[in-house]
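In my numbering, the protein residues as written are 1068 to 1270.
Every residue gets a Cβ at the ideal spot worked out from N, C-alpha and C, and that includes glycine.
Remember, it's a predicted structure, so these values are computed and weren't measured experimentally.
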């Protein structure tokens, strides 16, 4: 029952985050008394983080490639591993076309998710996965840029090193220029994700 309740919490957070993304995408502004669509979602932007090898990387390192980005944490008991499996399976279904896309897992729990921990974790899903961590400030900055919600789960605030995190569960597709293209909610399965990725990247 606890796991079911937790899944519902994350699902609710994901729906709120998805609604927020759609709001940003549809946002309109007034110019000379008329309304015009901004067109681009205000999602993503520059970041400086550390990958699973301990190397400092920035958004510029991924220029020219699509980024498939998911925020979560390695101690996540259910939703995170499920979503990473979906991402991995979708890329496998794309075959050679999947090489255009870099799957990226960004932790929202940098206190526990060191580069070593991230390396061991992402290796369980796909050798192409890039695991990114950083300081608390760096993670807060990139999460804000991607409109990601995260916080220690209620009741776990003083639990030492054993705690759960609440967070939004959305997969982001960023273009070769680093701009937001699409997002996928937790309801998207591997086949559905593969089809949508294929259409988006022109595979």
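Residue i (DSSP reduced to helix, strand or coil)
i            : result
residue 1137 : strand
residue 1233 : strand
residue 1177 : coil
residue 1169 : strand
residue 1246 : coil
residue 1188 : helix
residue 1240 : strand
residue 1251 : strand
residue 1160 : helix
residue 1129 : helix
residue 1142 : coil
Whole-angstrom C-beta distance between residue j and residue i, which should lie under 8 angstroms
i            : j            : result
residue 1170 : residue 1154 : 5 angstroms
residue 1136 : residue 1241 : 6 angstroms
residue 1158 : residue 1265 : At roughly 11 angstroms, the Cβ-Cβ gap does not stay under 8 angstroms, so residue 1158 and residue 1265 are not in contact.
residue 1175 : residue 1133 : With 8 angstroms as the limit, residue 1175 and residue 1133 do not qualify as a contact, their Cβ atoms being about 22 angstroms apart.
residue 1116 : residue 1248 : No, residue 1116 and residue 1248 are not in contact; Cβ-Cβ is about 21 angstroms, not under 8 angstroms.
Residue range of the beta strand (DSSP E) that includes residue i
i            : result
residue 1198 : 1197 to 1200
residue 1219 : 1217 to 1219
Residue i burial status per 10 Å Cβ neighbour count (16 or more: buried)
i            : result
residue 1201 : buried
residue 1258 : exposed
residue 1255 : buried
residue 1163 : exposed
residue 1119 : buried
residue 1123 : exposed
residue 1125 : exposed
residue 1144 : exposed
residue 1177 : buried
residue 1227 : exposed
Sheet register partners of residue i (DSSP bridge)
i            : result
residue 1124 : 1116
residue 1151 : Answer is none; residue 1151 lacks a bridge partner.
Beta carbon proximity, residue i to chain C, threshold 8 angstroms
i            : result
residue 1255 : No chain C appears in the structure shown, which is made up of a single protein chain.
Bounding residues of the alpha helix (DSSP H) (the contiguous stretch that carries residue i)
i            : result
residue 1210 : 1203 to 1212
residue 1262 : 1257 to 1268
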